[in-house]
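Below: the structure, in structure tokens.
Residue numbers (the numbering used here), protein chains in the order written: chain A, 1021 to 1173; chain B, 438 to 545.
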């Protein structure tokens, strides 16, 4: 069987909170052929979960109609993950990215979403325009961490 | 898939968490927990994390929210059964400063 180390996947789904677990399963399935360690897999799932939750909750206020888009790319051990929406957008990206900042304290949001994306991925870029939407681009290279318990093939 | 379970014994509520502690489940847990806190004189909440395989920042909100409620009534929040993935989230967010480890022998 030919094994390709280059791959692209695009998925869109409506802004429903049950799709948060779907997004994590989808990204796990995409990353698995790259043999991530358990920790790398957990990092990626958490970061995607944060980005998708932001799109569903803040971008669309869980309207169940707006579409959340994900695009995953693999080039050998380097992965790029994009999550974007055409929702309300963010007025002040810098403020939104501050640890503990949340626009929805009444919903018990911890304000740690962007901090976790930053901590768990190699890079994070956020583009947003009020009324147009928000796009998050994250990269991660596998195998950069020496101590590793490799997931089963 | 493991789902959430709630138990109330006097002033103690035990929340057995499910497999995922994300935003979707956080909303449900918050509503259920608030319902019990309104109904019973609860001043101790114990989170059972032994079944949790995934937790993101939404889970932090759930624990912090319960911590605030218990603080108002002079109570406390305890946790047990925390695995490796959840431990990292607790460490990074400083949640361990707000909660105590549940150790039956010490408390009873």
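All residues carry an ideal CB built from backbone N, CA and C; glycine is no exception.
Bear in mind that the values here come from a model prediction, so they are computed numbers and not experimental data.
N- and C-terminal bounds of the beta strand (DSSP E) containing residue 443 (chain B):
Counting from one through the second chain, the residue named residue 443 (chain B) turns up at place 6. Per DSSP, the continuous beta strand (DSSP E) segment holding residue 443 (chain B) begins and ends at 442-446.
Tell me whether the beta-carbon of residue 1128 (chain A) lies closer than 9 Å to the beta-carbon of residue 469 (chain B).
If you number the first chain from 1, residue 1128 (chain A) lands on position 108. If you number the second chain from 1, residue 469 (chain B) lands on position 32. In this structure, residue 469 (chain B) does not lie closer than 9 Å to residue 1128 (chain A) by Cβ.
Using 8 Å as the threshold, is the segment 1086-1098 of chain A in touch with the segment 450-463 of chain B, meaning 3 or more CB pairs across them?
No, they do not touch.
Using a Cβ-Cβ distance cut-off of 9 Å, determine whether residue 1091 (chain A) contacts chain B.
One-based indexing of the first chain puts residue 1091 (chain A) at position 71. It does not: the Cβ of residue 1091 (chain A) has no partner Cβ on chain B nearer than 9 Å.
Is residue 1053 (chain A) helix, strand or coil by DSSP?
Translated into the one-based positions of the first chain, residue 1053 (chain A) becomes position 33. Here residue 1053 (chain A) sits in helix by DSSP.
Residue 475 (chain B): contacting residues in chain A (beta-carbon distance under 7 Å)
For the purposes of this step, residue 475 (chain B) is taken as the residue at position 38 of the second chain. Ordered by position in chain A, no residue passes the 7 Å Cβ test against residue 475 (chain B), which lies about 16 Å from the chain.
Can you name the residues of chain A whose CB is closer than 9 Å to the CB of residue 491 (chain B)?
Counted from its first residue, the second chain places residue 491 (chain B) at position 54. Simply 1041, 1044, 1062, 1065, 1066, 1069.
Give me, in chain order, the residues of the same chain whose beta-carbon lies closer than 6 Å to that of residue 1096 (chain A); leave out the 5 immediate sequence neighbours on both sides.
Here residue 1096 (chain A) refers to the residue found at position 76 when the first chain is read from its first residue. Take residue 1096 (chain A), set aside five residues on each side of it, and the residues of its chain with a beta-carbon closer than 6 Å to its own are 1025, in chain order.
Grab me the residues of residue 457 (chain B)'s own chain with a C-beta within less than 6 Å of its C-beta, minus the 5 sequence neighbours each way, in chain order.
On the second chain, position 20 is the one that residue 457 (chain B) refers to. The beta carbon of residue 457 (chain B) lies closer than 6 Å to those of 491 in the same chain, with the five residues before and after it left out.
Among the candidates B:514, B:445, B:488, whose CA atom is the shortest distance from the CA of residue 532 (chain B)?
As a working note, residue 532 (chain B) is residue 95 in the second chain. The closest CA to that of residue 532 (chain B), considering only B:514, B:445, B:488, is found on B:514.
Between which two residues does the alpha helix (DSSP H) harbouring residue 502 (chain B) extend?
Position 65 of the second chain holds residue 502 (chain B). Counting along the chain, residue 502 (chain B) sits inside the alpha helix (DSSP H) bounded by residues 494-509.
Taking just the CA atoms, how far does residue 483 (chain B) sit from residue 1157 (chain A)?
Against the first chain, residue 1157 (chain A) aligns to sequence position 137. Against the second chain, residue 483 (chain B) aligns to sequence position 46. Whole-angstrom Cα-Cα distance: 37 Å.
Cβ shell of residue 489 (chain B) (< 6 Å), same chain only, five flanking positions each side left out:
For the purposes of this step, residue 489 (chain B) is identified with residue 52 of the second chain, where counting begins at 1. If we look at residue 489 (chain B) and ignore the five residues flanking it on each side, its Cβ neighbours are 454, 458, 523.
Evaluate residue 1181 (chain A) with the Cβ neighbour count: other Cβ atoms within 10 Å of its Cβ, from every protein chain shown; 16 or more gives buried, anything less gives exposed.
This structure gives no information on residue 1181 (chain A), because the portion of chain A shown stretches from 1021 to 1173.
Chain A contact residues for residue 466 (chain B), given Cβ-Cβ distances below 9 Å
Counting from one through the second chain, the residue named residue 466 (chain B) turns up at place 29. Listed along chain A is no residue with a C-beta nearer than 9 Å to that of residue 466 (chain B); the closest approach is about 10 Å.
Alpha carbon of residue 1143 (chain A) to alpha carbon of residue 1159 (chain A), nearest angstrom:
Start at 1 with the first residue of the first chain, and residue 1143 (chain A) comes out as number 123. Start at 1 with the first residue of the first chain, and residue 1159 (chain A) comes out as number 139. Computed Cα separation, rounded: 5 Å.
With a cut-off of 8 Å on the beta carbons, I'd call residue 1108 (chain A) and residue 1079 (chain A) a contact; round off their distance for me.
The sequence position of residue 1108 (chain A) within the first chain is 88, counting from 1. The sequence position of residue 1079 (chain A) within the first chain is 59, counting from 1. Contact holds; Cβ gap of about 6 Å.
Any idea what DSSP makes of residue 527 (chain B), helix, strand or coil?
Against the second chain, residue 527 (chain B) aligns to sequence position 90. Note: residue 527 (chain B) maps to helix in three-state DSSP.
Count the other CB atoms, across all protein chains shown, that sit within 10 Å of the CB of residue 1032 (chain A); report buried if there are 16 or more and exposed otherwise.
As a position in the first chain, residue 1032 (chain A) is number 12, starting the count at 1. Label assigned to residue 1032 (chain A): exposed.
Could one say the Cβ of residue 1123 (chain A) lies closer than 9 Å to chain B's Cβ atoms, at least one of them?
Position 103 of the first chain, counted from the first residue, corresponds to residue 1123 (chain A). For residue 1123 (chain A), the closest Cβ of chain B is not nearer than 9 Å.
On the three-state DSSP scale, how would you describe residue 462 (chain B)?
Here residue 462 (chain B) refers to the residue found at position 25 when the second chain is read from its first residue. In this structure, DSSP gives residue 462 (chain B) a helical state, which the three-state scheme calls helix.
Could you check whether the segment 1042-1050 of chain A touches the segment 1111-1125 of chain A, counting it as contact only if at least three pairs of C-beta atoms, one from each stretch, sit closer than 8 Å?
No contact exists between the segment 1042-1050 of chain A and the segment 1111-1125 of chain A.
What residues in the segment 1133-1162 of chain A have a beta carbon less than 7 Å from any beta carbon of chain B?
Residues of the segment 1133-1162 of chain A with a Cβ closer than 7 Å to any Cβ of chain B, in chain order: 1133, 1136, 1139.
Can a CB atom of chain A be found closer than 9 Å to the CB of residue 526 (chain B)?
Numbered from 1 along the second chain, position 89 holds the residue referred to as residue 526 (chain B). Residue 526 (chain B) counts as touching chain A.
Please go through the same chain and pick out, in chain order, the residues whose beta-carbon is closer than 6 Å to the beta-carbon of residue 1138 (chain A), but skip the five residues on each side of it.
Taking the first residue of the first chain as position 1, residue 1138 (chain A) is located at position 118. Non-local C-beta neighbours of residue 1138 (chain A) in its own chain, meaning closer than 6 Å and more than five positions away in sequence, comprise 1144, ordered along the chain.
To the nearest whole angstrom, what separates the beta carbons of residue 498 (chain B) and residue 1130 (chain A), a pair I think is in contact under 8 Å?
Within the second chain, the letter at position 61 stands for residue 498 (chain B). Within the first chain, the letter at position 110 stands for residue 1130 (chain A). Confirmed, Cβ separation roughly 4 Å.
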